[in-house]
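Residue numbers (full-length UniProt numbering), protein chains in the order written: chain D, 1 to 506; chain V, 1 to 416.
Below, the structure is given as structure tokens:
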């Protein structure tokens, strides 16, 4: 009898243990629920620049890298049959880079707030000594071969590791190229997003560089120059061919319109508030310039009447356009000196005009505009008596150069995607949507508004984790459609934006 | 014979267990084995809980019964859009009970009960997809109930008594979906309150028109546990005036809803007893779980629940197989109190079917061993919680849930 009891109780207990775990009819974590389709994501390699690396807030740091777009794609592909994805993770979350103990890249930006009022202040660089040393970092190659700062031709430049510490960290040898290191991984699938810096450094430097269109030798380019579209097309074609060699497929991503990033849209071009009396006083100072110097220059055939009109300075009561230096104007400094004007004044007037609605003022100008160029001289207000320097303004002319080059690059990218039957992601249209109306997600709208919009980090150029997640979703959707895959997308609402902290050196 | 007994147990093993919300219907092995019926059953001091009016009909001068259950309960979650999935790793829950009744005169009986009708222990992996709603929760309440039962006539009795409750809660969740410290550790809060006490009451009536038919009704009052000055512990908070989350205390109210039961039992073919109970739990009192933090810089945490009143239909069978063995089985249908759009992973309860069985072994005249088990079956359900907001906008948390619960129990009864 006792035996029976034991059997019954034993049976009941056993039943309990086996039936305990609830199971879905179709569990997502069961093989086959998701598929990468015709794309073999077992060895996914992403090649590019800072956008591929997961650069944000002006720095590369661990949590930013974890939210890089290729890492998000790899994590989602792992729900199907995607493989491991390695990244050259930094040593800390400060960002910043040491080269032989010397800091060569700054820490990340964070957003402090006023302790008294709780109001957010402007972004500041996070305090602390970085611990990522270029010379002792683990060398690659890694699945993420995004190298911050890289331009299209840099990926195929031997010895680039000596020019760029981010590549110097991970280069397999001093003569290696980013592309060769990436190809050595034998990618089964690849993403290529390159070309942004070929116009971006020109744009963010206010167009102080040179448009090298027509110059086919990139070794002669300066860092802030625009890359010749034929150079871009040539190296890009080589990169696509090399990456395609053993791959089941790949995705090419085009270049967004850089002028819709917060770096160019945050500081209003009309930024100099003056009352009527001050405006009149300032105008009086420029009266001679407007009424005599400019007509004389026209009369001498140095400038056209149109340019003279553009160069007239006229302040009114209210918020005014600042005075700026525009290097696309005729430089009249020496002519003015030869006419007896002192060198300092001549230099100020040499390429002077007032900004207009075609100009974009860069984010970093916010700390300069309205400040005194000479602290001891209350009349040296930058944007009034002292022009805002060229590097702080991307003029309409300069924007046209950027736009022309970008369009040429993008034509190459879409053409090669089509010719090679690769997936193509139109990042340009996607960013345009973020900038014009925003993209809805489950708890709001992703926009390009600086600090609050959610898409852009505190450097005003690079995305936040949420911005990268949005990018990853766009790419996943294209892979799914091109390669009959069903990789799940992410909820971008689960991804963070900017970092709040007051633990900084102001 | 042995084989037959074994088969009978499993054949009778139809269904019944838990109830919705954080109500845990495991208040007696004999009752649970019969689908947790008992409002119209007179066979042990379990009546202290199920219907105090029944105590006075017990045959023994003294009857003491106690026992416990082990709850193996898990919840699986998945979201096919994102690939996210989770499985709770909840520790064994162990509700228990102890009832005693004493027959003072042929018309008066006294009783006392200690039992744990409310509780919830759910543990998800930290920082899982729904971590902004809950990482883990541990909710417990012990009821102590002195009872009196009075026979007003041969056919009719009443009973009842005050209830003293002592409860505790420990709850951890991330502050929202994205906030972290500088190193990416998610900002989280743990609230803890224990020794929260409150009084309630219970009353029941029983009508026995014939020897075979019993009708019962029972009501247990609502008890609202007011936690005061509980501890709120914030972790991984960025150093910023914009995130003023410093450790503080909190006040919160957690309602334990009233429950009304009516039912009957009918004895037939000499050895068989059929029982039916209808429960109505008045969950609509659970509108919102709000944490009022003492630190005025910290916004109060408002977590809408909007529960509905919910019914449970219970059926039980008892068979006196031999002098030695009494076999029982039962089934119940448990309606979830969770409202559409408010399915929270903290108490993820959809409608369920409970299947129960059990037996009593009469070891001697005065000693019985009671065993029971419950298998609670939930269908998988696509559900959403829409009570979470960011910047004033609802961010729904949804997916597919599948729960299961299994509770074996063992008890002992002493009579003299």
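Here a beta-carbon is modelled for each residue, glycine too, at the ideal position from N, C-alpha and C.
Step through the CB atoms of chain D and report whether any lies within less than 7 Å of the CB of residue 78 of chain V.
Looking up residue 78 of chain V in the second chain gives position 78. Yes, because at least one Cβ of chain D sits closer than 7 Å to the Cβ of residue 78 of chain V.
What residues in the segment 167 to 178 of chain V have a beta carbon less than 7 Å from any beta carbon of chain D?
177, 178
How big is the Cα-Cα spacing for residue 211 of chain V and residue 327 of chain V?
Counted from its first residue, the second chain places residue 211 of chain V at position 211. Counted from its first residue, the second chain places residue 327 of chain V at position 327. Those two C-alpha atoms are separated by around 21 Å.
So which residues on chain D does residue 184 of chain V lean against when the C-beta distance must stay under 8 Å?
Start at 1 with the first residue of the second chain, and residue 184 of chain V comes out as number 184. The contacting residues are 62, 63, 66, 93.
Tell me which same chain residues have a C-beta within less than 6 Å of the C-beta of residue 37 of chain D, skipping the five on either side of it?
Taking the first residue of the first chain as position 1, residue 37 of chain D is located at position 37. In the same chain as residue 37 of chain D, and ignoring 5 residues on each side of it, the C-beta atoms closer than 6 Å to its own belong to 483, 484, 485, in chain order.
Taking residue 352 of chain V as the query, report the chain D residues whose CB atoms sit under 9 Å from its CB, ordered along the chain.
Taking the second chain and counting its residues from 1, one reaches residue 352 of chain V at position 352. What residue 352 of chain V touches in chain D: nothing, since even the nearest Cβ is about 12 Å away.
What residue range does the beta strand (DSSP E) around residue 151 of chain V cover?
Working through the second chain from its first residue, we reach residue 151 of chain V at position 151. Here the beta strand (DSSP E) through residue 151 of chain V covers 136 to 151.
Give a yes or no on whether 7 Å exceeds the smallest Cβ distance from residue 241 of chain V to chain D.
By one-based count along the second chain, residue 241 of chain V stands at place 241. Yes, residue 241 of chain V lies at the interface with chain D (some Cβ there is under 7 Å from its Cβ).
Put residue 415 of chain V into one of helix, strand or coil per three-state DSSP.
As a working mapping, residue 415 of chain V is identified with position 415 in the second chain. In this structure, residue 415 of chain V counts as strand in the three-state DSSP scheme.
Going straight from the alpha carbon of residue 53 of chain D to that of residue 252 of chain D, what length do you get?
As a working mapping, residue 53 of chain D is identified with position 53 in the first chain. As a working mapping, residue 252 of chain D is identified with position 252 in the first chain. So the two alpha carbons sit approximately 16 Å from each other.
For the beta strand (DSSP E) holding residue 223 of chain V, just list the boundary residues, first then last.
The residue labelled residue 223 of chain V in the question sits at position 223 within the second chain. Element bounds for residue 223 of chain V: 223 to 235.
Leaving out five residues before and five after residue 240 of chain D in sequence, what residues of the same chain have Cβ atoms less than 8 Å from its Cβ?
Counted from its first residue, the first chain places residue 240 of chain D at position 240. For residue 240 of chain D, where only same-chain residues beyond five positions count, the Cβ hits under 8 Å are 192, 250, 252, 416, 420, 422.
Would you say residue 442 of chain D faces chain V, with C-beta separation under 7 Å as the test?
Stepping through the first chain from its first residue, residue 442 of chain D is reached at position 442. With 7 Å as the cut-off, residue 442 of chain D counts as an interface residue toward chain V.
Put residue 347 of chain D into one of helix, strand or coil per three-state DSSP.
The residue you call residue 347 of chain D lines up with position 347 of the first chain. Helix.
Can you name the residues that DSSP bridges to residue 318 of chain V?
Position 318 of the second chain, counted from the start, is the residue given in the question as residue 318 of chain V. The partner list for residue 318 of chain V (beta bridge, DSSP) reads V:273, V:328.
Using the three-state DSSP reduction, which class does residue 9 of chain V fall into: helix, strand or coil?
Along the second chain, read from residue 1 onward, the residue named residue 9 of chain V stands at position 9. Legend: pLDDT at residue 9 of chain V = 36, less than 50; position of this residue unreliable, value from coordinates given subsequently. In the structure shown, residue 9 of chain V sits in a helix (DSSP, three-state: H, G or I).
Using 8 Å for Cβ pairs, my map puts residue 72 of chain D next to residue 443 of chain D. What's the rounded Cβ distance?
Start at 1 with the first residue of the first chain, and residue 72 of chain D comes out as number 72. Start at 1 with the first residue of the first chain, and residue 443 of chain D comes out as number 443. In fact, because the Cβ distance is near 19 Å, the residues do not count as touching under 8 Å.
Enumerate in chain order the residues of its own chain whose CB-to-CB distance from residue 172 of chain D is below 7 Å, with the five nearest sequence positions on each side excluded.
Residue mapping note: residue 172 of chain D aligns to position 172 of the first chain, counting from 1. The answer, listed in chain order, is 139, 140, 141, 181.
Rounded to whole angstroms, what is the Cα-Cα separation between residue 147 of chain D and residue 97 of chain D?
Here residue 147 of chain D refers to the residue found at position 147 of the first chain. Here residue 97 of chain D refers to the residue found at position 97 of the first chain. Taking the straight line joining both Cα atoms gives about 13 Å.
With H, G and I counted as helix, E and B as strand and the rest as coil, what does DSSP make of residue 107 of chain V?
For this step, residue 107 of chain V is matched to residue 107 along the second chain. Of the three classes helix, strand and coil, the one that applies to residue 107 of chain V here is coil, per DSSP.
Counting only C-beta atoms, is residue 54 of chain D closer than 7 Å to chain V at any point?
Locating residue 54 of chain D in the first chain gives position 54, counting from the first residue. Chain V, which has no Cβ nearer than 7 Å to the Cβ of residue 54 of chain D, makes this no.
Pairing CB atoms from the segment 216 to 226 of chain V with CB atoms from the segment 247 to 258 of chain V, are three or more of them under 8 Å?
yes
Could you pull out every residue in the same chain whose Cβ sits closer than 7 Å to the Cβ of residue 1 of chain V, ignoring the five residues on either side in sequence?
Reading the second chain from its first residue, position 1 is the one you call residue 1 of chain V. With a pLDDT of only 36 at residue 1 of chain V, under the threshold of 50, the placement of this residue in the model should not be trusted; the figure read from the coordinates follows. Cβ within range, chain order: n/a, list empty.
List in chain order: all unbroken alpha helix (DSSP H) runs of 4+ residues lying wholly within the segment 388 to 454 of chain D.
396 to 419, 427 to 435
Check each candidate in D:266, D:238, D:408 and name the one with the smallest Cα separation from residue 361 of chain D.
Sequence index remark: in the first chain, residue 361 of chain D carries index 361 (1-based). When only C-alpha atoms are compared, the closest one is D:266.
Measure the alpha-carbon distance for residue 359 of chain D versus residue 212 of chain D and round it to whole angstroms.
As a working mapping, residue 359 of chain D is identified with position 359 in the first chain. As a working mapping, residue 212 of chain D is identified with position 212 in the first chain. Straight-line Cα distance between these residues: approximately 22 Å.
Tell me where the alpha helix (DSSP H) around residue 236 of chain D begins and ends.
As a working note, residue 236 of chain D is residue 236 in the first chain. Taken as a continuous stretch (DSSP letters only), the alpha helix (DSSP H) holding residue 236 of chain D covers 229 to 244.
For residue 63 of chain D, which residues in the same chain have their Cβ closer than 8 Å to its Cβ, ignoring the five residues on either side in sequence?
Indexing the first chain from 1 puts residue 63 of chain D at position 63. Answer for residue 63 of chain D: 93, 465, listed in chain order.
Entirely within the segment 298 to 376 of chain D and at least 4 residues each: give me those alpha helix (DSSP H) ranges in chain order.
305 to 311, 333 to 338, 343 to 349
Are residue 469 of chain D and residue 492 of chain D touching if we call contact CB-CB under 7 Å?
Within the first chain, numbered from 1, the residue matching residue 469 of chain D stands at position 469. Within the first chain, numbered from 1, the residue matching residue 492 of chain D stands at position 492. Closer than 7 Å, so yes.
Is the Cβ-Cβ distance between residue 401 of chain V and residue 337 of chain V less than 7 Å?
In the second chain, residue 401 of chain V corresponds to position 401, counting from 1. In the second chain, residue 337 of chain V corresponds to position 337, counting from 1. No, the pair does not count as a contact, with Cβ atoms beyond the cut-off.
Nearest CA to the CA of residue 162 of chain D: which residue from D:156, D:155, D:153, D:175?
For the purposes of this step, residue 162 of chain D is identified with residue 162 of the first chain, where counting begins at 1. Nearest option by C-alpha distance: D:175.
By DSSP, does residue 494 of chain D sit in helix, in strand, or in coil?
Against the first chain, residue 494 of chain D aligns to sequence position 494. It is helical.
Drop a sphere of 10 angstroms on the beta-carbon of residue 283 of chain V, count the other beta-carbons inside from all chains shown, and report buried for 16 or more, exposed for fewer.
Within the second chain, numbered from 1, the residue matching residue 283 of chain V stands at position 283. Taking all protein chains in view, the Cβ of residue 283 of chain V is crowded by 16 or more other Cβ atoms within 10 Å, so the residue is classified as buried.
Thinking just about the alpha-carbon of each residue, which of D:353, D:262, D:367, D:236 is nearest to the one in residue 290 of chain D?
By 1-based counting over the first chain, the position of residue 290 of chain D is 290. Ranking D:353, D:262, D:367, D:236 by Cα distance to residue 290 of chain D puts D:353 first.
Evaluate the contact criterion for the segment 427 to 444 of chain D versus the segment 21 to 34 of chain D: three or more CB pairs, one atom per stretch, below 8 Å.
Output reads no: the segment 21 to 34 of chain D does not touch the segment 427 to 444 of chain D.
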